[in-house]
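Engineer:
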Amino acid sequence: MSGEPRLAVRGLTKRFGGLLAVNQCSFEVEAGSVVGLIGPNGSGKSTVFNLITNLLRADAGSVLHDGTPLGGLKLHEVARRGIGRTFQEVKIFRELSVWENLGLAALGRGLADWQPRARSLLADFKFGHLENESGENLSIGQQRLLELSMQLLVQPDLLLLDEPLAGVHPVVRETIAGIVRGQRSAGRAILLIEHDMRFVMDLCDRVVVMDHGEKIADGPPAQIRGDEKVIEALLGASRGAEH
Ligand SMILES: Nc1ncnc2c1ncn2[C@@H]1O[C@H](COP(=O)(O)OP(=O)(O)OP(=O)(O)O)[C@@H](O)[C@H]1O
Ligand SMILES: [Mg+2]
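This is the structure:
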C-alpha cells in the first residue's frame, strides 16, 4: 500500500481554442470507493476522463495513479497500469461476436488464459447466452455490459465509467449497479459520470460536481444534495434544456 489515493487529479486544465473546458480541476478517488462526477451537459466531465487516460493532453495539471504520474504514457500503457474505462458512446466491435470482442480485449492487454474469466463474467452479468451474438444485435444495455466486461477481464484497480446507464433498460441498470458495488467491495476505485441522480446519490461515497469546467462541490451525497450552488447549476441546466 502506497498510502496515496488510487487516483489523484491535480489542477487539470484543458482548452479547446477559446473554450476553457476544464479549469484547475482537482479531486481524489480512494481505493474501495465510488466517486460520482456530475454536472450539466458540456461541463467538462468526459474531457476529464480523456485527460486521465491520455486520450487528450492536458494544458496544465497532473494525474497520479497510486502516486505515479500518468502524464506521457501512451493509451495502452495507461490501460496496462490497471485503469479501465468505458465510453459515453459505447466502444465495441459491432460486427464481431460478444466472445470475439472479449478475445480482442484480452489480446490488447496481453492477457493469456482469459477464457475462464470471460465465461464467468458473462455468467455473472447474465448474458452468457449471447456469447455468439454479433455486437450490432445487442441492446444498448447489453453493449454497455459487454464493454464493461472487456474492461473487467484484466481486473483494473481503477474504473472510469462514462454514463454507464444511458439508454439502458431498468433490469440491466440493476445489473450494472450490482457490478459497481461488487467492484467497490473488491477494493477497486470507481469514478462514475452519470446524469441519473438517484443512482449517483444511492451508490456513491462521494460526489464531485462540475460546472463550466470548474469543480463547484466535492463531498458525500447528503452534503451535495443540499448545496445551493449545485442545485442552481443542475436546475439551471435543466431549465435551459426545457426552452
Ligand atoms: N475534442 C474536442 N474539441 C473541441 N471541443 C470539445 C472537445 N471535446 C469536448 N469539447 C467541448 O468541451 C466542453 C466539455 O465537453 P465534455 O464532453 O467534457 O462535457 P460533458 O460534461 O461530458 O457533457 P455531457 O454531459 O453532455 O456528456 C463542451 O463545450 C464540448 O463541446
Ligand atoms: Mg460527457
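Read in order, the letters of the sequence shown correspond to residues 1259 to 1501 in the numbering used here.
A virtual CB, placed ideally from N, CA and C, is assigned to each residue, including glycine.
(1) Measuring alpha carbon to alpha carbon, tell me which residue in N1395, P1374, R1338 is nearest G1356.
(2) At which residue ranges does the segment 1412 to 1451 contain complete beta strand (DSSP E) runs of 3 or more residues, listed in the order of the chain?
(3) Comparing the CB of D1420 with every heavy atom of ligand 2, is any distance shorter than 8 Å?
(4) Taking the alpha-carbon of I1474 as reference, which of N1281, G1276, P1263, R1352 has the nearest alpha-carbon?
(5) Check whether the Cβ atoms of G1340 and D1415 sit closer than 9 Å, and answer yes or no.
(6) According to DSSP, what are the bridge partners of T1311?
(7) Between I1350 and ligand 2, is there a pair consisting of the residue's CB and a ligand heavy atom that are separated by less than 8 Å?
(8) Along the beta strand (DSSP E) that carries S1284, what are the first and last residues, could you check?
(9) Starting from L1388 and walking both ways along the beta strand (DSSP E), at which residues does that stretch end?
(10) Using alpha carbons as the reference points, say which of S1301, R1464, Q1400, V1488 lies closest to F1285.
(11) Let me know if H1323 comes out buried or exposed under the rule of 16 or more other beta-carbons within 10 Å of its beta-carbon.
(12) Counting along the chain, where does the beta strand (DSSP E) carrying D1324 start and finish?
(13) Closest by CA to V1451, which one among A1376, P1422, G1342?
(14) In the DSSP assignment, find the beta strand (DSSP E) that holds F1383 and state where it starts and stops.
(15) Would you mind sorting T1326 into buried or exposed? The rule is 16 or more other CB atoms within 10 Å of its CB.
(16) Tell me which residue opens and which closes the alpha helix (DSSP H) that L1265 is part of.
(17) Compute the minimum distance between the beta carbon of K1487 and the heavy atoms of ligand 2, and state whether it is under 8 Å.
(18) How far does the alpha helix (DSSP H) with A1337 in it reach, from first residue to last?
(19) For V1321 and P1263, I'd like the C-alpha separation in whole angstroms.
(20) Nearest-angstrom Cα distance between E1347 and G1484?
(21) Taking 8 Å as the cut-off, does the segment 1311 to 1320 touch the segment 1476 to 1494 (at least 3 CB pairs, one atom from each stretch)?
(22) Pull up the distance between the alpha-carbon of R1442 and that of F1457, whole angstroms please.
(23) Using a Cβ-based criterion (distance less than 8 Å to any ligand heavy atom), does F1274 qualify as near ligand 1?
(24) Between E1306 and ligand 1, is there a pair consisting of the residue's CB and a ligand heavy atom that are separated by less than 8 Å?
(25) Under 8 Å: does the beta carbon of Q1282 sit that close to some heavy atom of ligand 1?
(26) Going by the beta-carbon positions, is the gap between G1536 and R1431 smaller than 9 Å?
Structural biologist: In short:
(1) As a position in the sequence shown, residue 1356 is number 98, starting the count at 1. A small fix is needed here, since residue 1356 is Val in this sequence, not Gly. Residue N1395 holds the alpha-carbon nearest to the alpha-carbon of V1356 among N1395, P1374, R1338.
(2) 1416 to 1420, 1447 to 1451
(3) Along the sequence shown, read from residue 1 onward, the residue named residue 1420 stands at position 162. It does: the Cβ of D1420 is within 8 Å (strictly closer) of some heavy atom of ligand 2.
(4) Locating residue 1474 in the sequence shown gives position 216, counting from the first residue. I1474 has its Cα closest to that of N1281, out of N1281, G1276, P1263, R1352.
(5) The residue you call residue 1340 lines up with position 82 of the sequence shown. The residue you call residue 1415 lines up with position 157 of the sequence shown. A contact, by the Cβ cut-off of 9 Å.
(6) In the sequence shown, residue 1311 corresponds to position 53, counting from 1. For T1311, no pairing in a beta bridge is given by DSSP.
(7) Counting from 1 along the sequence shown, the entry for residue 1350 is found at position 92. Not under cutoff, so the answer is no.
(8) Taking the sequence shown and counting its residues from 1, the one referred to as residue 1284 is at position 26. Going by DSSP, S1284 is part of the beta strand (DSSP E) stretching over 1277 to 1287.
(9) On the sequence shown, position 130 is the one that residue 1388 refers to. Element bounds for L1388: n/a, residue is neither H nor E.
(10) Within the sequence shown, the letter at position 27 stands for residue 1285. With distances taken between Cα atoms, F1285 lies closest to R1464.
(11) As a working note, residue 1323 is residue 65 in the sequence shown. It counts as buried.
(12) In the sequence shown, the residue the question calls residue 1324 occupies position 66. Per DSSP, D1324 belongs to no beta strand (DSSP E) and is neither H nor E.
(13) For the purposes of this step, residue 1451 is identified with residue 193 of the sequence shown, where counting begins at 1. The identity of residue 1451 in the sequence shown is Ile, whereas the question assumes Val. The residue with the shortest Cα to Cα distance from I1451 is P1422.
(14) Position 125 of the sequence shown, counting from 1, holds the residue named residue 1383. Where F1383 is concerned, there is no enclosing beta strand (DSSP E), given that its DSSP letter is neither H nor E.
(15) Locating residue 1326 in the sequence shown gives position 68, counting from the first residue. Counting Cβ neighbours within 10 Å, T1326 comes out exposed, since fewer than 16 surround it.
(16) Walking along the sequence shown from the start, residue 1265 turns up at place 7. Run containing L1265: none in the alpha helix (DSSP H); it sits in the beta strand (DSSP E), 1265 to 1274.
(17) For the purposes of this step, residue 1487 is taken as residue 229 along the sequence shown, with counting starting at 1. Here the distance from the Cβ of K1487 to the nearest heavy atom of ligand 2 is not below 8 Å.
(18) In the sequence shown, residue 1337 corresponds to position 79, counting from 1. Note, A1337: alpha helix (DSSP H), 1333 to 1338.
(19) As a working note, residue 1321 is residue 63 in the sequence shown. As a working note, residue 1263 is residue 5 in the sequence shown. So the alpha carbons of these two residues sit roughly 11 Å apart.
(20) What you label residue 1347 is simply residue 89 of the sequence shown in a count that begins at 1. What you label residue 1484 is simply residue 226 of the sequence shown in a count that begins at 1. Roughly 31 Å between the two C-alpha positions.
(21) no
(22) Reading the sequence shown from its first residue, position 184 is the one you call residue 1442. Reading the sequence shown from its first residue, position 199 is the one you call residue 1457. C-alpha separation (whole angstroms): 15 Å.
(23) Mapped onto the sequence shown, residue 1274 falls at position 16. Under cutoff, so the answer is yes.
(24) As a working note, residue 1306 is residue 48 in the sequence shown. According to the sequence displayed, residue 1306 carries Val and not Glu. Annotation for V1306 indicates a beta carbon within 8 Å of some heavy atom of ligand 1.
(25) Translated into the one-based positions of the sequence shown, residue 1282 becomes position 24. No, since every heavy atom of ligand 1 falls outside the 8 Å radius drawn around the Cβ of Q1282.
(26) Outside the modelled stretch of the chain, which goes from 1259 to 1501, sits residue 1536, for which no answer is possible.
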